[in-house]
Every structure is written in structure tokens, then in C-alpha cells.
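Numbering of the sequence shown is given in the UniProt record's numbering, commencing with residue 27 and proceeding in unit increments. Where is the CB? At the ideal position from N, CA and C, for every residue including glycine. All remarks here apply to the structure that follows.
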Amino acid sequence: GATMAKSKFEYVRDFEADDTCLAHCWVVVRLDGRNFHRFAEKHNFAKPNDRRALHLMTKCAQTVMEELEDIVIAYGQSDEYSFVFKRKTNWFKRRASKFMTHVASQFASSYVFYWRDYFEDQPLLYPPGFDGRVVVYPSNQTLKDYLSWRQADCHINNLYNTVFWALIQQSGLTPVQAQGRLQGTLAADKNEILFSEFNINYNNEPLMYRKGTVLIWQKVMLLCSKKNGSQEKRACAHSKLSPLCCLYADVTPVANANQILSKRRGHRF
Ligand code: ATP
Ligand code: ATP
Ligand code: MG
Ligand code: MG
Ligand code: MG
Ligand code: MG
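This is how it looks when you write it as C-alpha cells:
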């Protein structure tokens, strides 16, 4: 209680910085793999997109959503994932360092824990790390624009990488030559190279590669045993929330998240 004796050392707690996230704002934590260019090479990631790696990232994000409080939506692409906490969350009194470190450590331990389920024949050679940052967005519009920005980044990088690796894998160019070939090209030029030289219609590339992955909550029915001890399973009346993997979804039409993301403006793909 209030009368509990405090040690003379207790004052050092006052040196801790106040990192409370501004009230009523969306709190976003973004993680990004540390030096994953090298990590991808060392672990023989398929280029330009390794599906195992993308699905492992999403498994880790689902784990984060299940283990931590108040995350309403997550968006991932490449070696990054963004987690959006609900505006009124009071988890850890909204302390940014708590949000960021819990997300990053839960994600990183999950990456190692689930590695073998996705990379059956590829041993994990060293412990991967992830950096984290916290950004607060004061309005629904700024949050939507944040997600659009990450998705635009996914699109731009993936279009570039798709042509870059086609030039290397199918035309036998060196990475330096492929880079030179793409210098100064616009999106339309890249689409044209893909179509005329490789017969690839970029719009038919997998959505997960072009747009990234969105996770939202869905209600699922729980299966549980009857109380009378019978082994028979039935659907219970109650439901729980479980992270739904909207793989391949555009950020815009995620129906259950429409209060956040409806009518996204801006980037046209
Ligand atoms: P930093 O530590 O600054 O983030 P980084 O090497 O991780 O450095 P990023 O800009 O984050 O740089 O880029 C991540 C890189 O990881 C990509 O450029 C790509 O080479 C690789 N990568 C990540 N995910 C995949 C994937 N699913 N398939 C193939 N390559 C991937
Ligand atoms: P929080 O998430 O708030 O940190 P917590 O349960 O981790 O909750 P702490 O105050 O950090 O609470 O205390 C860590 C607890 O973990 C200890 O009280 C103890 O029960 C247990 N613990 C940690 N290390 C050891 C250890 N080496 N041996 C036995 N118990 C340990
Ligand atoms: Mg980075
Ligand atoms: Mg990285
Ligand atoms: Mg990255
Ligand atoms: Mg503890």
C-alpha cells in the first residue's frame, strides 16, 4: 500500500523516460528483419519471392496477435510486418517501449520456433533479429495512408524485383547488367519488358507478392467436449476471435476492417 517502505534506491525509477503514446491515436508497431538481404541469401530464399518465408512471417504475426492485447489489424510484406493497436488500448498504459519490445521479441522467438514447419529442408543457420519502431497516427485517414504507403512500397519493390530476377534467371544477365537495364525505367516500361520479353502479365502475378498480406480477426466457432464426459465433440454456443489470414488481399476490401480501411484513397495499382 501507500505506506509500504521504499528503498533509498527507488528514486532511480524517475530517470525512466515517459514514452506514453498520445491518447486516442492509433498505435502502429512496424518490425523489419535485420539484414535480411544476407539472411535470404544464406538460407537460399527463392527469388524474387520465397513463399515459405512469407508464410512464416505471417505465422509469426498471427502468434503476435494471439499472444498480445488489442491488435486490430496487421499488414506484412517482404521482411516487415506492421501491427495496429486499437485507438483506446490501455495495454501497459500505452507505453511505446512495451508495445515495441513485446511485439519484436514475440515475433522473433516465433520466427525461430516455427522455422522448421516452413523450411523443412533448410536449417536455420543463425539467430535472426528484427528492429522495431512505434508511430502514432491521429486519424483514420492517416492510418489508412500509412497502410497504403506500406502497400505501395510492396508494389514498387515487387515490380522491380520481378523484372530484375527474370532478366537474371531467364535472360542470363548478371545482377549488374540487370540493374543497368532497369536504370531510369518507369512502371510502364517494367510491365512492357515483362510482357514482351518474358510473356508475363504482371497483374496475373500472385496477389500475396503484389499486395502483401492482411490479418484481421474473425469469429470462429469453438469445438469442445460435452460436460458429461462423453468424447463427442460439438460446436459450442460461444465463439472466440482468431486471426484470419486474408492472404492475397488488397488492403482496401477487407470487409471486417471496413471501419478502419474503407474508401482508401491514393495509390492505384
Ligand atoms: P535492414 O537491416 O536495413 O532492414 P535488409 O537487408 O533487411 O536490411 P530490407 O530493405 O529490409 O533490407 O530488405 C529485405 C530484403 O530481404 C529484401 O531485399 C530481400 O532481399 C530479402 N527478402 C525478404 N523477404 C524475402 C522473401 N520472402 N523472398 C525473397 N527475399 C526476401
Ligand atoms: P511481467 O510480464 O509483468 O514481467 P512476470 O511474471 O514476468 O510478469 P516479473 O516481476 O518479471 O513478473 O518476475 C519474474 C518471475 O519469473 C519471478 O517472480 C519468478 O517467479 C520467475 N522466474 C524468473 N526467473 C526465474 C528463475 N531463474 N528461477 C525461478 N523463477 C524464476
Ligand atoms: Mg530496413
Ligand atoms: Mg530488413
Ligand atoms: Mg524490409
Ligand atoms: Mg517479467
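Go through the UniProt domain "tRNAHis guanylyltransferase catalytic" (35 to 164) residue by residue and report every complete run of the beta strand (DSSP E) that reaches 3 residues or more, in order.
-> 52 to 59, 97 to 103, 106 to 111, 156 to 163
Going by DSSP, name the residue or residues bridged to residue 239.
-> Per DSSP, the beta-bridge partners of residue 239 are 102.
Flag this pair as yes or no: are the beta carbons of residue 158 and residue 192 separated by less than 9 Å?
-> no
Going along the chain, which residues of its own chain have a beta-carbon closer than 8 Å to the beta-carbon of residue 49, five neighbours each way excluded?
-> The answer, listed in chain order, is 120.
Inter-residue Cα distance where the pair is residue 223 and residue 184 | 18 Å
Pick out whichever of 107, 188, 140 has its Cα sitting closest to the Cα of residue 225.
-> Per the Cα distances, 188.
From residue 181 to residue 98, what does the alpha carbon distance come to, in whole angstroms?
-> Near 23 Å, if we compare the C-alpha coordinates of residue 98 and residue 181.
Within this structure, are the beta carbons of residue 78 and residue 87 separated by less than 9 Å?
-> no
Could you give the distance in angstroms between the alpha-carbon of residue 125 and the alpha-carbon of residue 110?
-> 10 Å
Distance, Cα to Cα, residue 169 vs residue 179?
-> 15 Å
Using the rule of at least 16 other Cβ atoms within 10 Å of the residue's Cβ for burial, across every protein chain shown, is residue 246 buried or exposed?
-> exposed
In whole angstroms, what separates the C-alpha of residue 171 from that of residue 162?
-> 13 Å
Between the Cα of residue 25 and the Cα atoms of 151, 211, 230, 167, which residue gives the shortest distance?
-> In the structure displayed, the chain extends from 27 to 295; residue 25 sits before or after that span and is not available.
At what residues does the alpha helix (DSSP H) containing residue 223 begin and finish?
-> 213 to 224
Which class does residue 32 belong to by DSSP, given the choice of helix, strand or coil?
-> coil
First and last residue of the uninterrupted alpha helix (DSSP H) at residue 177 | 166 to 195
With a cut-off of 8 Å on the beta carbons, I'd call residue 176 and residue 108 a contact; round off their distance for me.
-> 6 Å
Rounded to a whole number of angstroms, what is the C-alpha to C-alpha distance between residue 217 and residue 114?
-> 43 Å
Between which two residues does the alpha helix (DSSP H) harbouring residue 205 extend?
-> 201 to 208
Whose C-beta lies closer than 6 Å to the C-beta of residue 229 among residues of the same chain, with five residues either side of it excluded?
-> So no residue of the chain qualifies.
CB of residue 206 to nearest heavy atom of ligand 4: below 8 Å?
-> no
Let me know if residue 56 comes out buried or exposed under the rule of 16 or more other beta-carbons within 10 Å of its beta-carbon.
-> It is buried - the Cβ of residue 56 has at least 16 other Cβ atoms within 10 Å.
Sorry if obvious, but does the Cβ on residue 59 come closer than 8 Å to a heavy atom of ligand 4?
-> True, at least one ligand heavy atom lies under 8 Å from that Cβ.
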